[in-house]
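Asks: For the sequence shown, position 26 matches number 26 in full-length UniProt numbering, and the numbering has no gaps at all.
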Amino acid sequence: MSGGGYTATTEALSTASKTIGDLAEHLLDDNPDLETPAVTAEGFGKAHNAHAAKYTAGAQALWAAVSGYSTTLSSFGTNLGTAGSSYSANEDNQSGAITDAGGSL
Numbered sequence: 001m002s003g004g005g006y007t008a009t010t011e012a013l014s015t016a017s018k019t020i021g022d023l024a025e026h027l028l029d030d031n032p033d034l035e036t037p038a039v040t041a042e043g044f045g046k047a048h049n050a051h052a053a054k055y056t057a058g059a060q061a062l063w064a065a066v067s068g069y070s071t072t073l074s075s076f077g078t079n080l081g082t083a084g085s086s087y088s089a090n091e092d093n094q095s096g097a098i099t100d101a102g103g104s105l
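1. Taking Thr15 as part of the alpha helix (DSSP H), name the residues at either end of that continuous run.
2. Which of helix, strand or coil does DSSP assign to Pro37?
3. Considering only C-alpha positions, which residue in the set Thr99, Ile98, Thr56 is nearest to Thr40?
4. Can you give me the C-alpha to C-alpha distance between Asp29 and Ile20, rounded to a whole angstrom?
5. When the Cα atoms are used, what is the spatial distance from Ala61 to Ser67?
6. Just how far apart, CA to CA, sit Gly43 and Ala16?
7. Kindly indicate which three-state DSSP category Lys54 falls into: helix, strand or coil?
8. So is Ala24 buried or exposed if we call it buried at 16+ other beta carbons inside 10 Å?
9. Alpha carbon to alpha carbon, what distance is there between Lys18 and Ser70?
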């Protein structure tokens, strides 16, 4: 039973890393219409076509935000995977040190 403190497992870190990495990969693929909106000034109609530029600029800004978010998610996922590997290596080292210390008693 945990004493209520922070716990981490290499499996949890690895799973989180993969899940976040998958999300980052699919985020851009699942939203292609943001990169190149199909709406044109003509699509807004004659009375409103001046608003098309604002719409297109907004869609491009949203695409830039989604792209940035995807990059950040990818980096975060990679960092979690690296942390999991480091955590696992540290666990192995500590286990070995404890075993060695106990063997010399």
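In this text, a Cβ means the ideal position worked out from N, Cα and C, and glycines have one as well.
Replies: Checking against the coordinates, here is how it stands:
1. Working through the sequence shown from its first residue, we reach residue 15 at position 15. Its alpha helix (DSSP H) spans residues 10–29.
2. As a working note, residue 37 is residue 37 in the sequence shown. If DSSP states are grouped into helix, strand and coil, Pro37 belongs with coil.
3. Working through the sequence shown from its first residue, we reach residue 40 at position 40. Of the candidates Thr99, Ile98, Thr56, the residue whose Cα lies closest to the Cα of Thr40 is Thr56.
4. Position 29 of the sequence shown, counting from 1, holds the residue named residue 29. Position 20 of the sequence shown, counting from 1, holds the residue named residue 20. C-alpha separation (whole angstroms): 15 Å.
5. Your numbering for residue 61 matches position 61 in the sequence shown. Your numbering for residue 67 matches position 67 in the sequence shown. Roughly 10 Å separates the two Cα atoms.
6. Translated into positions along the sequence shown, residue 43 becomes position 43. Translated into positions along the sequence shown, residue 16 becomes position 16. Computed Cα separation, rounded: 43 Å.
7. The count along the sequence shown starts at 1 and reaches residue 54 at position 54. DSSP places Lys54 in helix when its eight states are reduced to three.
8. Locating residue 24 in the sequence shown gives position 24, where the first residue counts as 1. Flag for Ala24 reads buried.
9. Within the sequence shown, residue 70 is the residue found at index 70, counting from 1. Within the sequence shown, residue 18 is the residue found at index 18, counting from 1. Spanning the two alpha carbons is a distance of roughly 14 Å.
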